[in-house]
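A short worksheet on the structure shown next.
2 protein chains.
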Amino acid sequence: MTASFDRPPRLPSGFRCASVHCGLKPKDPDLALFLADRPGSAAGLFTRNHFPGAPIVQGREQMVSGRLQGVIVNAGISNVATGSRGLADARTMREVAARAVEIDPELMLVGSTGVIGRPLPMDRVEAGIRKLPERLGDDPLEGARGIMTTDRVPKAFSMVVGESRVTVVGKGAGMIAPNLATMLVYFFTDAEVDPKSLDGILRRSAEESFQLLSVDTDTSTSDMVVALASGRAGPVEHGALEEAFRSLSLQMAEAVGRDGEGATKLLRIEVAGAADAVEARRIARAIAESPLVKTMAYGRDPNVGRILMAVGKCVECRVVPERVRAQVQGVEVIREGVRVDFDESRVRELLGRDEVEIQVSLDVGEGEGRAIGCDLTEGYIEENTAYASS
Amino acid sequence: MTASFDRPPRLPSGFRCASVHCGLKPKDPDLALFLADRPGSAAGLFTRNHFPGAPIVQGREQMVSGRLQGVIVNAGISNVATGSRGLADARTMREVAARAVEIDPELMLVGSTGVIGRPLPMDRVEAGIRKLPERLGDDPLEGARGIMTTDRVPKAFSMVVGESRVTVVGKGAGMIAPNLATMLVYFFTDAEVDPKSLDGILRRSAEESFQLLSVDTDTSTSDMVVALASGRAGPVEHGALEEAFRSLSLQMAEAVGRDGEGATKLLRIEVAGAADAVEARRIARAIAESPLVKTMAYGRDPNVGRILMAVGKCVECRVVPERVRAQVQGVEVIREGVRVDFDESRVRELLGRDEVEIQVSLDVGEGEGRAIGCDLTEGYIEENTAYASS
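As they're listed, the protein sequences go chains A and B.
At position 358 of the first sequence the residue is numbered 358 (the working numbering), and the sequence of numbers has no breaks.
Position in the second sequence (first residue = 1) + 1000 = the working numbering.
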């Protein structure tokens, strides 16, 4: 992929967005609208958690048509575990937003993120929605700001593909683990592409990005990855479009990992030589999710035996200890299953970088797999001890 | 079980133990010896991690005979990922310890716990072992002190069964997750029992205690649960003996959970009405291991939606959201899959206790399962960011 990201990110032609503070969070924007100038193809991946939020239930049904024109999202309250009232509230959000911009409610997707189990104060939400149309503009970061929860930075990236542009806007910081969609992520493009092709492109892109990401092993009840292609810019070569989706997905997944609650570092784990790809990915994830590996990265501590521990705890995977090798930041630290006498001060220094790469080779097969994670710090604890109360 | 624990704990007749500082840790005791006055039946469970330490490899072989008379354990360095040198060191530890107390080396079990991947300074270990025989005494807490790593308190419990006594000595704080043995735990009894019966008693006791315990999802490379029955006090009714093993196992597992790295609270999770016992236990474990549930307990924060999230992330288990109920400290917080309007200040107050109980009912079958865990605090991060260096 030689195409590069726009700096700053831009929305595709015909797309606009806006955000506003409606009172779900103390003062930051907590409501965002994204809108295309015409209905287009749509595809979506939704959380596999057994307790999907009302917007997930509603969105899954809507997605059957393969068509969307807008997305309305609130942050602060997730509308999960709210029963029939929650479903009615999601429907109202959809209808009020659709009416405000004069489109068919079936073309407006709802997303909600935030605390679980509390009802939405619909008067505030409805008042906020009515303020959005007059604020619509062309900065995707403005929309991204309206969907942040514990995110430290708004997240949007875009790139040009032929005559069209693909833009991804997302949020995510905690309660993130692989199992289909793992946060709120929206792709917008003015490219023309049928819903089925868009679905395939989205799924394959998520498979090598969002599905590799774990901040804290916890699978959210609210998460969705949705794509909307308006077609305004005409057809585009599918291979190039998929390349753009893949690049943007990985960029977004890494941005979420980097912004994991309390995180100071992104972790990239690569496992090679596993029995198969499934085992490679499982082992990579075990390393990325191990609290002891995560705190090792945070502490810049070359306590590399923890990597072996994490590989070894995958008891159902094929591992021959004497064949295992590992590198941290490119420095060999384990050979034949035994700690190498490496330069500890050098590795300690390299662990100071804001990206930590761990490579493990098992030498029992051809399976390769990756995982994306972050370190575990006091910040995660602080962030999560009084979330409902704050 | 009406029998009660001895306070303070005592060793069975004919057993003695000692600990000493040999220089693996900065100043605390780091070497312990436990010795019976005669060879006896033995049984053991060992970690399933793919990278077992040298003492695990050696111990598994020894256990085939079903006979032991003593245990020598060091803390500070785990002798894991140390290759052939590590195996030679474990053999030397066994031989030097056996010679010091004049028993057959095949009857001396070695245990090691601590940092992974560093060689044991055998001169210090050997000098330490030679000091142990003259210090042998009858206080099990003295031996327990010599095997502590990040433990805050030494752990030993005992109870009387007929004419005999059963004593358990253990250590564990971090790198603890279910998969056979999950820490160093030694049972000593003067009861007479054959190795096969002892093995069954030990396995069934571990199944309902150590196998339910997860401090941080990480499975240690060093862990063992071993029982040694000298027979000095003669035969004992097996049912009563097993009851004692079960009570002591649960007491020890909860003591380890309570002493989890940085922990301020013990978590007890009970799941009922699951499709089967396997799913019940899996869901209980998902709740006990969820970083968001753990921080909720630490923060005394009635953010109970996180319990639903943790149940819901078990995508492979049967869950019907509308049937799910949950209680926290006996207060109903979830009914029909929806958050109940409960007294938040009351639950906040109850979460201030040092034991947090969460009960979940799924109402889809008869499966019951439990898990034991602890909260997640800044203390865990502090403990694990510079362990190798400290």
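We put the CB at the ideal spot given by N, CA and C, even for glycine.
Nearest-angstrom Cβ-Cβ length linking residue i and residue j, presumed shorter than 8 angstroms
i, j, result
"A:Ile129", "A:Val96", "5 angstroms"
"B:Leu1033", "B:Ile1077", "Not confirmed; about 17 angstroms, so no contact."
"A:Val391", "A:Leu141", "There is no way to answer for residue 391 of chain A, as the model of chain A reaches only from 1 to 390."
"B:Val1333", "B:Gln1327", "7 angstroms"
"A:Lys131", "B:Asn1049", "Between B:Asn1049 and A:Lys131 the Cβ distance is about 57 angstroms, and since that is not below 8 angstroms, they are no contact."
"B:Pro1039", "B:Gln1069", "4 angstroms"
DSSP state of residue i mapped onto helix, strand, coil
i, result
"B:Pro1178", "Any reading at B:Pro1178 must be qualified, since the residue scores a pLDDT of 43, below 50, and its modelled position is unreliable; the value itself is stated next. Residue state, collapsed to three classes: coil."
"A:Met93", "helix"
"A:Glu208", "coil"
"B:Glu1277", "Correcting the residue type first, residue 1277 of chain B is Ala in the shown sequence and not Glu. Reduced to three states, the DSSP call for B:Ala1277 is helix."
"A:Ala81", "coil"
"A:Val311", "helix"
"A:Asn49", "coil"
"B:Met1148", "coil"
"A:Val168", "strand"
"A:Met1", "Summary for A:Met1: the model assigns pLDDT 43, below 50, so the residue's position carries little reliability, and this model does not support an answer."
"A:Ala88", "helix"
"A:Ala18", "strand"
"B:Ser1158", "strand"
"B:Val1225", "strand"
"B:Leu1292", "helix"
"A:Arg282", "helix"
"B:Gly1070", "strand"
"A:Pro235", "strand"
"B:Glu1316", "coil"
"A:Gly200", "helix"
"A:Val256", "helix"
"A:Ala75", "strand"
Rounded separation between residue i and residue j - CA only
i, j, result
"B:Phe1046", "A:Gly379", "35 angstroms"
"B:Ser1209", "B:Ser1290", "19 angstroms"
"A:Ala181", "B:Ser1112", "Unreliable positioning characterises A:Ala181 in this predicted model, as indicated by a pLDDT of 31, which lies under 50. The coordinate reading is nonetheless provided below. Going from the Cα of A:Ala181 to the Cα of B:Ser1112 covers about 43 angstroms."
"A:Glu383", "B:Ile1307", "17 angstroms"
"B:Ala1253", "B:Glu1355", "14 angstroms"
"B:Glu1134", "A:Met296", "40 angstroms"
"B:Ser1197", "A:Thr82", "52 angstroms"
"A:Arg258", "A:Asp151", "10 angstroms"
"B:Arg1335", "A:Leu248", "41 angstroms"
"A:Phe245", "A:Tyr298", "31 angstroms"
"A:Ala75", "A:Ile116", "11 angstroms"
"B:Gly1014", "B:Ala1275", "48 angstroms"
"B:Pro1178", "A:Val256", "Confidence is the limiting factor: at B:Pro1178 the pLDDT is only 43, short of 50, which leaves the residue's position unreliable, though a coordinate-based value still follows. The alpha-carbon atoms of B:Pro1178 and A:Val256 are separated by roughly 30 angstroms."
"A:Leu376", "A:Gly365", "31 angstroms"
"A:Val20", "A:Arg85", "24 angstroms"
"B:Cys1022", "B:Leu1136", "16 angstroms"
"A:Gly400", "B:Gly1114", "The requested residue 400 of chain A is not part of the displayed model; chain A covers only 1 to 390."
"A:Ala388", "B:Val1185", "Residue confidence is low: A:Ala388 scores 45 on pLDDT, short of 50, so the model does not pin down where it sits. No coordinate-derived value is stated."
"A:Ile201", "B:Ala1263", "45 angstroms"
"A:Ser345", "A:Gln329", "13 angstroms"
"B:Ile1381", "B:Arg1118", "22 angstroms"
"B:Arg1392", "B:Ala1310", "Chain B is shown from 1001 up to 1390; residue 1392 of chain B falls before or after that span and cannot be answered."
"A:Asp123", "A:Met224", "25 angstroms"
"A:Glu322", "A:Val338", "8 angstroms"
N- and C-terminal bounds of the beta strand (DSSP E) containing residue i
i, result
"B:Ala1032", "1031 to 1046"
"A:Gly369", "367 to 374"
"B:Leu1109", "1108 to 1115"
"B:Arg1325", "1325 to 1328"
"A:Glu332", "331 to 335"
"B:Val1185", "1184 to 1189"
The alpha helix (DSSP H) enclosing residue i, as first and last residue numbers
i, result
"A:Gln58", "54 to 63"
"A:Ala385", "Rather than Ala, the amino acid found at residue 385 of chain A in this sequence is Thr. That run of the alpha helix (DSSP H) goes 378 to 385."
"B:Ala1127", "1122 to 1131"
"B:Ala1361", "The displayed chain sequence assigns Ser, not Ala, to residue 1361 of chain B. Not the alpha helix (DSSP H): B:Ser1361 falls in the beta strand (DSSP E), residues 1355 to 1361."
"A:Ser345", "344 to 350"
Distance cut-off 7 angstroms: residue i Cβ against heavy atoms of the ligand ZN
i, result
"B:Pro1195", "Annotation note on the ligand ZN: not contained in the displayed structure, which lists no ligands."
Decide if the region 1279 to 1286 of chain B is in contact with the region 1356 to 1372 of chain B; the criterion is three or more beta carbon pairs, one per stretch, under 8 angstroms apart.
yes
Are the region 23 to 42 of chain A and the region 139 to 148 of chain A touching, with three or more C-beta to C-beta distances below 8 angstroms?
yes
Would the region 1156 to 1170 of chain B and the region 1007 to 1024 of chain B be scored as touching if the rule is three or more Cβ pairs under 8 angstroms?
yes
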